[in-house]
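**Q** Numbering (this note's numbering), first residue to last: 287 to 678. Can you read through this structure? Questions will come right after.
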Amino acid sequence: MRFFLSLAVSGFSFLYGGQLQVEVSARSAILMNADTGAILFEKQAYLPAYPASTTKIGTALFALDGKGADISQSVFVSEEALRMKHSSLGSCPPHWLETDGTMMGLRKGEILSLEALLHGMMMVSGNDAANAIAETLSGSIPAFMNEMNGYLSSLGCQKTLYRNPHGLHHPEHVTTAYDLALMMKRGLTIPTFRELISKISYFRPKSNKSPKAEIVTFNQLMKPGKHHYPKTIGGKTGYHSQSMATLTAAAHHQGRTLIAVVLGCSKVSRYDDAKRLFEAAFQEQLVHRELVPPHQLFSHEIEGAEASLVAYLSKPANLSYFPSEEPHCRAFIHWAELEFPIRKGQVVGELQVIDQAGQIVLKTSLLAKEELKGTWLTRISRWVSYFLHFLK
């Protein structure tokens, strides 16, 4: 039996969170808790935008999670994976590469591990690596994109439509800051993905076409320098003239992991915006709130009882949260199915505090304040039932 706890309980029915007050230059931005999905800040986060190479987050995520790919498998780099756009050809497939785009430096007929290609795609934004991965895992790049869009939709990325695996401009190739945050949220739960985005350098193994070589991440939050942010877990940068600079990054501090996405920035301001968002959240002080006074009693009518059942909380109902993540919650009392006599101190129910996603964020047992017996008629009825059962 379940009852909504009314406003009479310490004025508690809903808790309303407050967004962080931060100024960012990005056209759209979001700051999300990677564990809970709580949104601490957003600026036009649901507005469709060009992601540029942050697209590759989705590509890596789909390869590892959606396809369950074995990173040790060999990949043959085809001519199609390296095909370039030429203005003289007019319209061409969305996955064809551009001469001024970022490359891993693959060669036709080269054979590398999927692991090496993933590092090349995520660390130095290799568009050629993205194409080779897509073609290998799905047989063709268009087939990979169809599957990838379905997978991203299943994660809740409802405004994402990707036309290629690398993020080179196409007018229909769009996502949102919110959708990118969802992708990163999922990615952080996958150890291989998390390792990919966290590396500063990686030695690309020797192949049949290329010598062993070191590659170093483009993400300046990760590297020593003026944009370095030591709390960074990892991330992915992007840029083309239509999207401007983009960045999706994750940072961790004192048990709290956050995701920042900034789209439509200058190449410098994307790092400043991300750090500003992270620091605004990490400087917050934890709030401890008493939801129900310790003296609060709860009353429940039970059919056949000689009086009302009176119960109290077994421990304080306190909730801790950061101000920007103050949860939207409701409190419910769940009464147990009970038989007489009810003993003093017996567990008779539970107070549950549930957030807007339906997750229980706090629960506390309810204990009987006094012993409670059934009425004389109830006891007689029970004895008769036992006697008839014994005769059977």
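Ideal Cβ placement from N, Cα and C applies to all residues, glycine included.
What do you get for Val639, buried or exposed, if any count of 16 or more other CB atoms within 10 angstroms of its CB means buried?
**A** buried
**Q** Curious, which full-length alpha helix (DSSP H) runs of at least 4 residues does the stretch 550–588 contain?
**A** 555–568
**Q** At the level of alpha carbons, what is the spacing between Leu317 and Ala546?
**A** 5 Å
**Q** For a test of the three-state rule: what should DSSP assign to Glu636, helix, strand or coil?
**A** Strand, per DSSP.
**Q** Suppose only complete runs of 3+ residues qualify. What are the beta strand (DSSP E) ranges in the stretch 355–391, listed by chain order?
**A** Within the stretch 355–391, the runs of beta strand (DSSP E) at least 3 residues long that lie entirely inside it are, in chain order, 360–362.
**Q** Provide the residue(s) that pair with Leu658 in DSSP beta bridges, ordered along the chain.
**A** For Leu658, which the question treats as bridged, DSSP gives the partners Ile628.
**Q** CB-CB under 6 Å to Gln632, same chain, minus the five flanking residues each way: which ones, in chain order?
**A** Close CB contacts of Gln632 within its chain, under the 6 Å cut and outside five residues either way in sequence, are with Ala654 (chain order).
**Q** For His455, which three-state DSSP category applies?
**A** coil
**Q** Considering only C-alpha positions, which residue in the set Thr422, Met389, Gln582 and Phe504 is nearest to Gly520?
**A** Shortest Cα-Cα distance from Gly520 to any of Thr422, Met389, Gln582 and Phe504 involves Phe504.
**Q** Which residues in the same chain have their Cβ closer than 7 Å to the Cβ of Leu482, if we skip the five residues on either side of it in sequence?
**A** Ala346, Leu404, His405 and Met408
**Q** Who are the Cβ neighbours of Leu451 in its own chain at under 6 Å, not counting the five residues just before and after it?
**A** Note that residue 451 corresponds to Pro in the displayed sequence, not to Leu. Thr345, Ala416 and Ala420, listed in sequence order.
**Q** Using 8 Å for Cβ pairs, my map puts Ser314 next to Leu326. What's the rounded Cβ distance?
**A** The beta-carbon distance between Ser314 and Leu326, rounded to whole angstroms, is 15 Å. This is too long to meet the 8 Å contact definition.
**Q** Applying the criterion that 16 or more other CB atoms from any shown protein chain within 10 Å of the CB defines a buried residue, is Gln569 buried or exposed?
**A** exposed
**Q** Anyone know if the C-beta pair for Ser339 and Lys485 falls short of 8 Å?
**A** no
**Q** Beta-carbon of Glu384 versus every beta-carbon of chain B: anything under 8 Å?
**A** Going by chain labels, chain B is absent from the structure shown, which holds only one protein chain.
**Q** Work out the CA separation of Lys601 and Ser360 for me, nearest whole Å.
**A** 57 Å
**Q** Determine the extent of the beta strand (DSSP E) in which Phe327 is found, giving its start and end residues.
**A** Ile325 to Lys329
**Q** What are the boundary residues of the beta strand (DSSP E) that includes Ser606?
**A** Ala603 to Tyr607
**Q** How close, in whole Å, do the beta carbons of Thr543 and Ala535 come, if the pair is a contact with beta carbons under 8 Å?
**A** That belief does not hold up - the Cβ atoms of Thr543 and Ala535 are roughly 11 Å apart, past 8 Å.
**Q** Just the Cα atoms here: how many angstroms apart are Arg393 and Ser493?
**A** Inter-residue distance for Arg393 and Ser493 is about 10 Å (C-alpha atoms, whole angstroms).
**Q** Can you say whether His381 is buried or exposed, counting buried as having 16 or more other CB atoms within 10 angstroms of its CB?
**A** buried
**Q** Taking the Cβ atom as the reference point for each residue, do Ala531 and Lys553 lie within a distance shorter than 8 Å?
**A** Result yes, Cβ atoms of Ala531 and Lys553 sit closer than 8 Å.
**Q** For Pro491 and Ser399, what's the separation of their Cα atoms in angstroms?
**A** 9 Å
**Q** DSSP three-state label for Tyr437, please.
**A** Of the three classes helix, strand and coil, the one that applies to Tyr437 here is helix, per DSSP.
**Q** Out of Leu595, Pro627 and Asp558, which has the shortest C-alpha to C-alpha gap to Glu309?
**A** Asp558
**Q** In angstroms, rounded to a whole number, what distance separates the CA positions of Phe240 and Ile646?
**A** Past the edges of the chain, shown from 287 to 678, lies residue 240, and the structure says nothing about it.
**Q** Can you determine whether any heavy atom of the ligand NAD sits closer than 7 Å to the C-beta of Lys512, and answer yes or no?
**A** The ligand NAD is not part of the structure shown, which contains no ligands of any sort.
**Q** Give the DSSP bridge partners of Met530, in chain order.
**A** According to DSSP, Met530 bridges with His526.
**Q** In the DSSP assignment, what residue or residues form a beta bridge with Arg449?
**A** Arg449 pairs with nothing; no bridge assigned.
**Q** Taking only three categories from DSSP, how would you classify Leu466?
**A** Note: Leu466 maps to helix in three-state DSSP.
**Q** Does DSSP put Asp641 in a helix, a strand or coil?
**A** It is a strand residue.
**Q** According to DSSP, is Ala546 helix, strand or coil?
**A** strand
**Q** Count the other C-beta atoms from every protein chain shown that fall within 10 angstroms of the C-beta of Asp321, then say buried if there are 16 or more, exposed otherwise.
**A** Under this definition Asp321 is an exposed residue.
**Q** By Cβ distance below 6 Å, which residues in the same chain neighbour Ala622 in space, the five residues on each side in sequence not counted?
**A** Val634 and Gly635
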